[in-house]
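If you count the sequence shown from 1, position 122 lands on 122 in UniProt numbering, and the numbers rise without skipping.
I have placed the structure first, in the form of structure tokens, so that the comments after it can refer back to it.
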Amino acid sequence: MSLQIATIPCREDNYAFLLHDKDSGETALVDAPEAAPVIEVLESRGWTLTHILITHHHYDHIDGVEELRAKYGAKVVGAKADAARLPALDIAVSEGDIIKIGENEGKVLNVSGHCDNHLAFHFPRSFAVFTADSLMALGCGRLFEGTPEQMWRSLSKIAALPEMTIVYSGHEYTAANATFAYTIEPGNAALKDRILQIIEARAQKMPTVPSLLTDELATNPFLRPQSPEIRQRLGMESATDTEVFAEIRRRKDNFKGTEMPDITEEPCNCAYE
Numbered sequence: 001m002s003l004q005i006a007t008i009p010c011r012e013d014n015y016a017f018l019l020h021d022k023d024s025g026e027t028a029l030v031d032a033p034e035a036a037p038v039i040e041v042l043e044s045r046g047w048t049l050t051h052i053l054i055t056h057h058h059y060d061h062i063d064g065v066e067e068l069r070a071k072y073g074a075k076v077v078g079a080k081a082d083a084a085r086l087p088a089l090d091i092a093v094s095e096g097d098i099i100k101i102g103e104n105e106g107k108v109l110n111v112s113g114h115c116d117n118h119l120a121f122h123f124p125r126s127f128a129v130f131t132a133d134s135l136m137a138l139g140c141g142r143l144f145e146g147t148p149e150q151m152w153r154s155l156s157k158i159a160a161l162p163e164m165t166i167v168y169s170g171h172e173y174t175a176a177n178a179t180f181a182y183t184i185e186p187g188n189a190a191l192k193d194r195i196l197q198i199i200e201a202r203a204q205k206m207p208t209v210p211s212l213l214t215d216e217l218a219t220n221p222f223l224r225p226q227s228p229e230i231r232q233r234l235g236m237e238s239a240t241d242t243e244v245f246a247e248i249r250r251r252k253d254n255f256k257g258t259e260m261p262d263i264t265e266e267p268c269n270c271a272y273e
């Protein structure tokens, strides 16, 4: 049996995720931006929290850990190499380690780049990967501690998972990411279709997370440095994938656009510094 997964909006734009194994009754939480919304979902479903899986040390992913640990006695799981910056760990893990929720096995991936020792958790039987601020819907996390080379290696790990994997990322940034993505690859028909879907979803106040990896591969510019259109627009036809990725990330860091694109018009690059 695969895990039952609940997506929980938290704070202004964060997401947390509950993973429930029906047979054993075990329930894991991926990241704890705050406690109250998580408790509400647990109580409404009659689930008891047994594990808290931490992806990285940033406050908007760990602020609810201690309240939830105190209430449920859940075991806290996080990166062994980053234990000094995390809440006290009951289980310290590294890349390649296996986390079990009931009989469901999740593999630990090191996806550093946004910060050092950032983890993702891949549950193949549930076709799910929890990526937090590494791979995001139509984007990737800003490089606060890592290098472009490091982040590109991390994204490549995720990109190599089965295409029908569902990507559970940490924030509702998709509309802003789409605005930028269209300036990088406006000729991408799949991206245009996805932008229309995002506009409709957000108009109805619906989340755009999770997303399918196959859609990210087709539309997310941070996974597409090999795209001839992207390379031509950047003037980097002969560059390596890492170099193209680095330039896309640099442009996103300087991007000032705020409105969803009008996909009937050719975009300009006037929003860059």
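We put the beta carbon where it would ideally sit given N, CA and C, even for glycine.
Counting of Cβ neighbours within 10 angstroms places Gly106 among the buried residues, the total reaching 16 or more. Our two residues, Ala74 and Leu234, have alpha carbons roughly 48 Å apart in a direct line. The count of Cβ pairs closer than 8 Å, one atom from the region 53-61 and one from the region 115-128, reaches three, so the stretches are in contact. If you draw a straight line from the Cα of His171 to the Cα of Gly257, it comes to about 18 Å. Comparing alpha-carbon positions, the option among Asp90, Leu19, Glu216, Thr48 lying closest to Arg125 turns out to be Leu19. Here the region 150-162 does not lie against the region 182-194, with fewer than 3 beta-carbon pairs under 8 Å apart. At the C-beta level, Gly141 and Asp21 stay beyond 8 Å of one another.
Close CB contacts of Thr214 within its chain, under the 7 Å cut and outside five residues either way in sequence, are with Glu163, Met164 (chain order).
Cα atoms of Arg202 and Thr208: separation of roughly 8 Å, rounded to the nearest angstrom. Counting only runs that start and end inside the UniProt domain "Metallo-beta-lactamase" (13-171), the alpha helix (DSSP H) elements of at least 4 residues fall at 36-45, 59-62, 65-72, 148-159. If the five residues before and after Phe17 are omitted, its C-beta is found closer than 8 Å to the C-beta atoms of Ile5, Ala6, Thr7, Ile8, Leu29, Val30, Asp31, Phe130, Tyr168, all from its own chain and listed in chain order. The alpha-carbon separation between Asp60 and Asp133 amounts to approximately 11 Å. Take Leu191, set aside five residues on each side of it, and the residues of its chain with a beta-carbon closer than 8 Å to its own are Ala178, Ala181, Tyr182, Glu185, Ala218, Thr219, in chain order. Beta-bridge partners assigned by DSSP to Ser211: Val167. Counting every other CB atom within 10 Å of its CB across the protein chains shown gives Ala160 a total below 16, marking it as exposed. Counting along the chain, Thr240 sits inside no alpha helix (DSSP H), nor does DSSP assign it H or E at all.
Check the Cα spacing between Ala92 and each of Lys80, Leu86, Arg85, Leu3: the tightest is with Lys80.
By the criterion of a C-beta distance shorter than 8 Å, Pro37 is surrounded in its chain by Ile8, Pro9, Cys10, Ala16, once the five residues flanking it on both sides are discounted. Spatial neighbours of Ile166 in its own chain (CB-CB distance under 7 Å, excluding positions within 5 residues in sequence) are listed in chain order as Phe127, Ala128, Pro210, Leu212. C-alpha of Asp253 to C-alpha of Ala246: approximately 11 Å in a straight line. Counting the other Cβ atoms within 10 Å of the Cβ of Ala120 gives 16 or more, which makes it buried. Between Pro87 and Val77, the C-beta spacing is not below 8 Å. Glu149 and Gly46 have their alpha carbons spaced roughly 44 Å apart.
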